[in-house]
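Undergrad:
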Amino acid sequence: AQKITQTQPGMFVQEKEAVTLDCTYDTSDQSYGLFWYKQPSSGEMIFLIYQGSYDEQNATEGRYSLNFQKARKSANLVISASQLGDSAMYFCAMNWDKIIFGKGTRLHILP
Amino acid sequence: NAGVTQTPKFQVLKTGQSMTLQCAQDMNHEYMSWYRQDPGMGLRLIHYSVGAGITDQGEVPNGYNVSRSTTEDFPLRLLSAAPSQTSVYFCASSYWRGGGEQFFGPGTRLTVL
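Top to bottom, those sequences are chains A and B.
Residue numbers for the first sequence follow the numbering used here, beginning at 46 and rising by one.
Residue numbers for the second sequence follow the numbering used here, beginning at 4 and rising by one.
1. From the DSSP output, in three-state form, read off leucine 116 of chain B for me.
2. With 7 Å as the limit, tell me which residues of the segment 124-145 of chain A have their beta carbon closer than that to any beta carbon of chain B; keep them in chain order.
3. DSSP three-state label for leucine 82 of chain B, please.
4. May I ask you to report which of helix, strand or coil DSSP gives serine 87 of chain B?
5. Does DSSP put glycine 130 of chain A in a helix, in a strand, or in coil?
6. Could you tell me if glutamine 25 of chain A is buried or exposed, where buried requires 16 or more neighbouring beta carbons within 10 angstroms of its beta carbon?
7. For serine 90 of chain B, does the count of other Cβ atoms within 10 angstroms reach 16, so buried, or fall short, so exposed?
8. Counting only Cβ pairs nearer than 7 Å, list the residues of chain A close to glycine 103 of chain B.
9. Could I get the ranges of all uninterrupted beta strand (DSSP E) runs contained in the segment 51-138 of chain A, with 3 residues as the minimum, in chain order?
10. In terms of alpha-carbon separation, which member of B/Pro42, B/Ala5 and B/Tyr34 lies closest to glycine 147 of chain A?
11. Can you round the beta-carbon distance between glycine 19 of chain B and serine 83 of chain B to whole angstroms, since I take them to be within the 8 Å contact cut?
12. Output yes or no for whether 9 Å exceeds the beta carbon distance between phenylalanine 107 of chain B and glutamate 89 of chain A.
13. Quick check: the Cα distance between asparagine 103 of chain A and leucine 155 of chain A, rounded to an integer number of angstroms?
14. Nearest by alpha-carbon distance to lysine 61 of chain A: which of A/Gln47, A/Ser125, A/Ile145 and A/Ala133 is it?
15. Which of the three DSSP states is assigned to arginine 71 of chain B in this structure?
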């Protein structure tokens, strides 16, 4: 069965440092997509970035990039130059016939 | 565009009561889904739909029913509420399940006593 794993329940990072949030997935499908969402304490779900399994280049959106390693089945989110406003819950998600989420990583940015 | 709307925002039920959580989107999205969010569990898929008249079960479908009579609406029904269904419920939609952003509603916080 398809599965998304986020192994870091919580992380503390100093402001302005780069952050890598881990995500691994398990699927036998060849065509799928990978997403990252941010959930601040206010509760809304904010879309950050998307990577298709056939995309040859890693996706980037501003300070966010997705380090996609297909052979390792990993899709880590990299946040460059972290800011205090990056403190939030981060979810990795995957779609094939349906869209499922990992359990999330709570990121704390320290001033 | 209103995007994805959910009602109500908050609800308290007694065990055994039934209710419907409403979800609507005005973006003509084919794919819609319901998730529940519990502490430490992430978002778990309850049911999803790939178009009007088509629904399927997700990871945790027991105790919930859905229907999709129109493209716009995707209500979630709790037939006989249980305390284990206390959670935050999110509805989401996207153009199709194969890619691109999934748009989320603001969520419904449900407490079952």
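We put the beta carbon where it would ideally sit given N, CA and C, even for glycine.
TA: Let me spell this out:
1. Position 113 of the second sequence, counting from 1, holds the residue named residue 116 of chain B. Here leucine 116 of chain B carries a coil assignment [DSSP, helix/strand/coil].
2. Listed by position along the chain: Phe136, Asn140, Asp142, Lys143, Ile144 and Ile145.
3. The residue you call residue 82 of chain B lines up with position 79 of the second sequence. Collapsing the DSSP output to three states places leucine 82 of chain B in coil.
4. As a position in the second sequence, residue 87 of chain B is number 84, starting the count at 1. If DSSP states are grouped into helix, strand and coil, serine 87 of chain B belongs with the helices.
5. Residue 130 of chain A sits at position 85 when you count from the first residue of the first sequence. Helix at glycine 130 of chain A.
6. With chain A running from 46 to 156 in the structure shown, residue 25 of chain A is simply not present.
7. Indexing the second sequence from 1 puts residue 90 of chain B at position 87. Buried, since its Cβ has 16 or more Cβ neighbours within 10 Å.
8. Mapped onto the second sequence, residue 103 of chain B falls at position 100. Chain A residues near glycine 103 of chain B: Tyr95.
9. Restricting attention to beta strand (DSSP E) runs no shorter than 3 residues, the segment 51-138 of chain A encloses them at 55-59, 64-66, 69-71, 78-84, 91-97, 109-114 and 119-124, ordered along the chain.
10. As a first step, residue 147 of chain A is located in the first sequence; it is residue number 102 there, counting from the start. The option with the nearest alpha carbon to glycine 147 of chain A is B/Pro42.
11. The residue given as residue 19 of chain B occupies position 16 in the second sequence. The residue given as residue 83 of chain B occupies position 80 in the second sequence. The pair is a contact, with the Cβ atoms about 5 Å apart (cut-off 8 Å).
12. Mapped onto the second sequence, residue 107 of chain B falls at position 104. Mapped onto the first sequence, residue 89 of chain A falls at position 44. In this structure, phenylalanine 107 of chain B sits near glutamate 89 of chain A, with a CB-CB distance shorter than 9 Å.
13. Here residue 103 of chain A refers to the residue found at position 58 of the first sequence. Here residue 155 of chain A refers to the residue found at position 110 of the first sequence. Whole-angstrom Cα-Cα distance: 28 Å.
14. Along the first sequence, read from residue 1 onward, the residue named residue 61 of chain A stands at position 16. Per the Cα distances, A/Ser125.
15. The sequence position of residue 71 of chain B within the second sequence is 68, counting from 1. It is coil, neither helix nor strand.
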